[in-house]
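If you read the protein sequences in the order shown, they are chains H and V.
Using the working numbering, you'd call the opening residue of the first sequence number 24 and step up by one each time.
Using the working numbering, you'd call the opening residue of the second sequence number 24 and step up by one each time.
Just so it is clear, CB atoms sit at the ideal spot from N, CA and C, and this is done for glycine as well.
Here's the structure we're looking at; comments come further down.
Number of protein chains: 2
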Amino acid sequence: MLPQTHYDYENRQMCPEPVEHSRAEVRRAQILAAAVDCFRQHGFHGASISQISKAAGMSPGHIYHYFENKEAIISAIVASDLERFLVLTAEIRSACNVREAMLARVAEGIDQCLDPLTAGLKLEIVAEASRNPHVAEIVRTADQVCRESLMLTMRDMRHAAGHDDDDTTLAAMVEVFVAMFEGLQIRTIRNQDIDRSIVIPLFQNALRNLLDHTP
Amino acid sequence: MLPQTHYDYENRQMCPEPVEHSRAEVRRAQILAAAVDCFRQHGFHGASISQISKAAGMSPGHIYHYFENKEAIISAIVASDLERFLVLTAEIRSACNVREAMLARVAEGIDQCLDPLTAGLKLEIVAEASRNPHVAEIVRTADQVCRESLMLTMRDMRHAAGHDDDDTTLAAMVEVFVAMFEGLQIRTIRNQDIDRSIVIPLFQNALRNLLDHTP
DNA sequence: CATTCTAGATCGAACGCTCATTCCATGTTA
DNA sequence: TAACATGGAATGAGCGTTCGATCTAGAATG
């Protein structure tokens, strides 16, 4: 386990977490957790401040001491959500055996994508990004950082296997790689009876084919 | 071009379209077109009946002569959206050369998935399905029919190539196949600068690997 | 240690607005 | 004339947000 970090958007690097325990930080976390619950159940626009405040165990007005408005809550969730992914990719890249770490995380990633609760919120976030420019900016910035991190990881893996790819090829491989995972999030909503024991090996095989691809 | 058809949910088969031109049908279509526009821009819960009625060029109250409530509009859009896909798969299966038809449609499908406007609404629909049981039921029923149709198509293709797969394997291949396409819908929102000229061939190659897969 | 002070935490009523929906008067068609 | 199409105001509920009143914990003071 790496120490807790977060992504510093201004300086574009990971920073150690100051592990805040102040009352304010606790309250903020309470609100965010409650909001995640509500957004999962009713969507961004369907969930009301009143609902969120009830779930967080405080008055509606009090929410506004910690967040400027409802959209700020959305942004905070999106940001923290994607920060967690950045930590994950950083962990993979800092492992001794990058390939092993990656393959291990693949199984983990598939499981997470196939969890309907997680997938539902992720889809809500992307759908919101498709029309809310503010959310779109956060989502796209973090996505770019993730892709860059994955590109570096993939370049290492491929180089060890004797391939020497240019950046455009690597970027395309990352696109298809990520698309496959994100596609699972949609599948788990559209089909609740996925036969995991057959689908997961097939999926992993397709991933391996992609990673070992020769032009 | 096949004649216009729609999917009869009760009898589980395609039916010829009665091509209605009555005033009521025209009005309904107007409302649905306006609603699609509004939902794209503001989401299901963000778009109001008043907005939709303005876009459709009629009064808010009049909407309720054609749809019981707002959710009925959502359902009608989802249903017609997915019916169009059912028509597409039926078209592929009825082609002389199924493999050729399929590969041609693949390029078409990639283009459609990479269009942010189309993708945005599809994601909105899936996100809504992840929490609205009524929408979920429509989405899942249609998805199942699509998968069955794709399974038949894929069985033909694979059989011609000397493979004889059992149903679970075929179902899994369909899952991964569809997941890849649906993943593109998310990618086109998260990354607006996808290099199509490199990504699409790589994506098609990955698809071919999947279709020619040997266990 | 006891008291006072103060700044932040917290509440919940209130505001202005918009929403989905209803309803009835009016217009249109056959 | 009868049946349907349409408009638009009315309704009541709920929304995001604001705001002033109260509470509380802990520093400052004596």
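Cutoff 9 Å: residue i Cβ touching any chain V Cβ
i	result
H/Met203	yes
H/Met196	yes
H/Val162	yes
H/Asp218	yes
H/Thr192	yes
H/Val59	no
H/Arg170	yes
H/Tyr30	Only weak support exists for where H/Tyr30 lies, its pLDDT of 46 falling under 50; the coordinates are left without a value.
H/Gly84	no
Beta-carbon neighbours of residue i, restricted to chain V and to distances below 7 Å
i	result
H/His65	Arg154
H/His68	Gly66, His68, Gly69
Three-way DSSP call (helix, strand, coil) for residue i in this model
i	result
H/Thr237	coil
V/His182	helix
V/Cys119	coil
V/Gln135	helix
V/Gln215	coil
H/Asp189	coil
H/Arg231	helix
H/Ser220	helix
H/Ser153	coil
H/Phe226	helix
Residue i - containing alpha helix (DSSP H), residue span
i	result
V/Met81	Where V/Met81 is concerned, there is no enclosing alpha helix (DSSP H), given that its DSSP letter is neither H nor E.
V/Ser103	93 to 116
V/Phe67	46 to 69
V/Phe90	That residue, V/Phe90, is in no alpha helix (DSSP H); it is neither H nor E in DSSP.
Closer than 9 Å to chain H by CB, residue i
i	result
V/Met81	no
V/Asp166	yes
V/His236	yes
V/Arg50	no
V/Ala159	yes
V/Val10	There is simply no residue 10 of chain V to check, as chain V begins at 24 and stops at 238 in what is shown.
V/Glu185	The sequence as given places Gly at residue 185 of chain V; Glu does not occur at that position. So no, V/Gly185 is outside the interface.
Proximal residues of chain V, C-beta to C-beta of residue i below 9 Å
i	result
H/Val110	Those within 9 Å of H/Val110 in chain V number zero; the least Cβ separation is about 18 Å.
Contact list for residue i against chain H, beta-carbon separation under 7 Å
i	result
V/Val149	Leu146, Ile209, Ile212, Arg213
V/Val199	Val222, Leu225, Phe226, Ala229
Contacts of residue i in chain V (Cβ-Cβ under 8 Å)
i	result
H/Ala142	Ser153
H/Gly132	The contacting residues do not exist; H/Gly132 stays about 13 Å from chain V at best.
Notebook entry, point to check: Which of the residues in the region 222 to 235 of chain V, read from start to end, lie with their CB under 8 Å from any CB of chain H?
Noted result: Closer than 8 Å at the C-beta level to chain H, one finds these residues of the region 222 to 235 of chain V: Val222, Leu225, Phe226, Asn228, Ala229, Asn232, Leu233.
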